[in-house]
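> I'd like to ask you about the structure that follows.
In my numbering, the protein residues as written are 17 to 548.
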């Protein structure tokens, strides 16, 4: 049902301004209205307890279309993480080595139902509903060794965590679409509501110097989201059009969690002082945009402006600590394109974007992972703003399309997690608006086919990034070069099978206090069709 997937590096003002770089636009196929009904069934299995079952179908008769889907997902994945820390302010705990072994287990049920009704040739109503049940378990064992300045073992800390999480999500979207007799003139609007309840129960067992501590953390979160959007397209002749729209998104999050520890003398579970917390979070983002697209001979342009008004309001600890913020932002965008003959084209684009901190980043309450590791949010975080420029050249050949582009991104107020370690070796990680960042780079893209039955799609990107800050709290200046690559190919080998190969690589990158190791992934798929 997917026609194509577009990677838009510099989205125009029509799209949401949220995000550091670009967006992925999934374009659906126009369904064949002549089909009466169809169905599908899929079963997957894999090592390490991985199972998946899904089924779906659709029915079309006259003005009415129905479709429904159900899937069952059972997934397990083990892993290991290692932390090394140097604490130069401590003699007895100069170096610590932490080994974390964990296993993740997930189970879910997902169901959806949709109905489309054509009121007439120009008006259509659609309703889509989804329900999602999930259960997640993450069990881990952590061993933390402390060494003094002479590299002698001074202490050992072992912890066992069992984290269980379950929840249910309901979602519904009502859409109205109108086509006018004038070609290219359209109006669409939708309203969406989703609600999710999530329960979390975590058991901690810690062993320090043969002394055992048992704790339990329980939490309950409720999420309620309401979205509204309306878009209108008005053509001016065959080559010009005006697109405009309104959007409003409201989010309400209520959460509470409590800690209990086992008191051996009384044989009871008692409240852990200072660890209970609750949070009530509300935000509303309202937006309006206008975008004009025009064409003159071989030159096309798209200029737009998006305005967003953001209101954030939240409190914790039974409203004893309250925080709020509101701000207005303008996000201009410009896309220019000039054809040079039949085979060549030059493009220039600019967009301004934003990355807002969510409740996870804002909540200042300290969350203890173990006795020596904690994290907290920062209620005074500001949004990160990104200015993105791109200049590209495209050459169209008979067998492929080649694109070479140069890009520059400037980030203001980037959010990074920064760790502070006290003299007892306890580490706390919290997000901060740390400095600025500038990135320059080149990207080369190939799209085409080596034969009618063989297509390729790939890109290579090389960039230079400078992150720096010279404030009183932080002082760093780092520059690094990195590159990334992605490649995919599809081959329909006649009378045999279809094969697909994909590969992705992302090189090493630096952060304010460390580095992110390279990552790569590969996937190979074979498909054989039978019958008609």
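Built from N, CA and C at the ideal position, the CB exists for glycine as well.
Remember, predicted model here, so these are calculated numbers, not experimental data.
Do the CB positions of residue 295 and residue 271 come within less than 8 Å of each other?
Result yes, Cβ atoms of residue 295 and residue 271 sit closer than 8 Å.
> Taking the C-alpha atoms as reference points, what is the distance between residue 43 and residue 33?
Distance between the alpha carbons of residue 43 and residue 33: 20 Å.
> Leaving out the 5 sequence neighbours to the left and right, which residues in its chain are closer than 6 Å to residue 394 when beta-carbon positions are compared?
Hits under 6 Å: 446 and 447.
> Need the endpoints of the beta strand (DSSP E) that residue 415 sits in, please.
Unbroken run through residue 415: none, as it is neither H nor E.
> Whole-angstrom Cβ separation of residue 397 and residue 375, contact assumed at under 8 Å?
Actually they are not in contact, since the Cβ atoms of residue 397 and residue 375 sit about 11 Å apart, beyond 8 Å.
> Report all residues from its chain with a CB closer than 6 Å to the CB of residue 410; omit the five preceding and five following residues, and keep chain order.
Once the five neighbours on either side are set aside, the close Cβ partners of residue 410 are 361 and 419.
> How many whole angstroms separate the CB atoms of residue 459 and residue 421, which I take to be in contact at a CB cut-off of 8 Å?
About 5 Å separates the two Cβ atoms, so the contact holds.
> Let me know the secondary structure DSSP gives residue 244 once reduced to three states.
Three-state result, residue 244: strand.
> Pairs of beta-carbons, one from the segment 146-159 and one from the segment 184-201, closer than 8 Å: are there three or more?
Segments in contact, yes.
> Residue 400 and residue 427 - do their beta-carbons sit closer together than 8 Å?
Their beta carbons are under 8 Å apart, which means residue 427 touches residue 400 by this criterion.
> Starting from residue 196 and walking both ways along the beta strand (DSSP E), at which residues does that stretch end?
Taken as a continuous stretch (DSSP letters only), residue 196 belongs to no beta strand (DSSP E), as it is neither H nor E.
> Determine the DSSP secondary structure at residue 397, reduced to helix, strand or coil.
Coil at residue 397, not helix or strand.
> Could you check the C-alpha separation between residue 329 and residue 545 for me, to the nearest Å?
Going from the Cα of residue 329 to the Cα of residue 545 covers about 55 Å.
> Considering residue 563, what are the terminal residues of the alpha helix (DSSP H) in which it resides?
What is shown of the chain runs 17 to 548, which leaves residue 563 out entirely.
> Pick from 230, 219 and 205: whose alpha carbon is nearest that of residue 245?
Considering only alpha carbons, the answer is 205.
> What ranges does the beta strand (DSSP E) occupy inside the segment 361-389, keeping only unbroken runs of at least 3 residues that lie completely in it?
Whole beta strand (DSSP E) segments, 3+ residues: 383-386.
> Candidates 507, 255, 230 and 430: which alpha carbon is nearest residue 199's?
For residue 199, the nearest C-alpha among the options comes from 255.
> Between residue 341 and the rest of its own chain, which residues show a CB-CB distance below 7 Å, the 5 nearest in sequence each way excluded?
Cβ within range, chain order: 328.
> Hey, residue 456 and residue 424 are a contact pair by Cβ (cut 8 Å); roughly how many whole angstroms apart?
At roughly 5 Å, the Cβ-Cβ gap stays under 8 Å, so residue 456 and residue 424 are in contact.
> Counting only the same chain and skipping the five closest in sequence on each side, list residues whose C-beta sits under 7 Å from that of residue 105.
Counting only Cβ-Cβ distances below 7 Å, and skipping sequence neighbours, we find 439.
> So, using beta-carbon positions, are residue 525 and residue 501 closer together than 8 Å?
Result no, Cβ atoms of residue 525 and residue 501 do not sit closer than 8 Å.
> Do the segment 76-87 and the segment 100-117 meet, that is, are 3 or more Cβ pairs less than 8 Å apart?
Short answer: they don't touch.
> What does the alpha-carbon distance come out to for the pair residue 493 and residue 479?
So the alpha carbons of these two residues sit roughly 17 Å apart.
> Suppose you measure from the CA of residue 52 to the CA of residue 196; what does that come to, to the nearest Å?
Approximately 27 Å between the Cα atoms of the pair.
> Sort out for me which residues DSSP pairs residue 429 with in a bridge.
In the DSSP output, where bridge partners are listed per residue, residue 429 has none listed.
> By the three-class DSSP mapping on this structure, what secondary structure does residue 489 have?
If DSSP states are grouped into helix, strand and coil, residue 489 belongs with coil.
> Just to check my reading of the structure: residue 273 and residue 288 have Cβ atoms closer than 8 Å, yes? What is that Cβ distance to the nearest angstrom?
No, residue 273 and residue 288 are not in contact; Cβ-Cβ is about 11 Å, not under 8 Å.
> For residue 272, report the span of its beta strand (DSSP E) as first-last.
It spans 256-279 - the beta strand (DSSP E) in which residue 272 sits, taken as one unbroken run.
> So is residue 60 buried or exposed if we call it buried at 16+ other beta carbons inside 10 Å?
It is exposed - the Cβ of residue 60 has fewer than 16 other Cβ atoms within 10 Å.
> Is it the case that the Cβ atoms of residue 275 and residue 231 are separated by a distance below 8 Å?
Taking 8 Å as the Cβ cut-off, residue 275 and residue 231 qualify as a contacting pair.
> Only counting the same chain, and skipping five residues up and downstream in sequence, which positions put a Cβ closer than 6 Å to that of residue 221?
Correct list, in chain order: 176 and 230.
> Measuring CA to CA, which of 416, 436, 102 and 462 is closest to residue 112?
The shortest C-alpha separation from residue 112 is found at 102.
> Taking C-beta to C-beta, are residue 86 and residue 122 nearer than 8 Å?
No. Outside cutoff.
> Go through its chain and collect everything with a Cβ distance to residue 527's Cβ below 7 Å, but skip five positions before and after it.
Result list for residue 527: 432, in chain order.
> Could you tell me how far apart the beta carbons of residue 212 and residue 251 are, in whole angstroms, since I believe they sit closer than 8 Å?
Residue 212 to residue 251, Cβ: 40 Å. No contact.
> Flag this pair as yes or no: are the beta carbons of residue 335 and residue 434 separated by less than 8 Å?
No, Cβ-Cβ distance for residue 335 and residue 434 is not below 8 Å.
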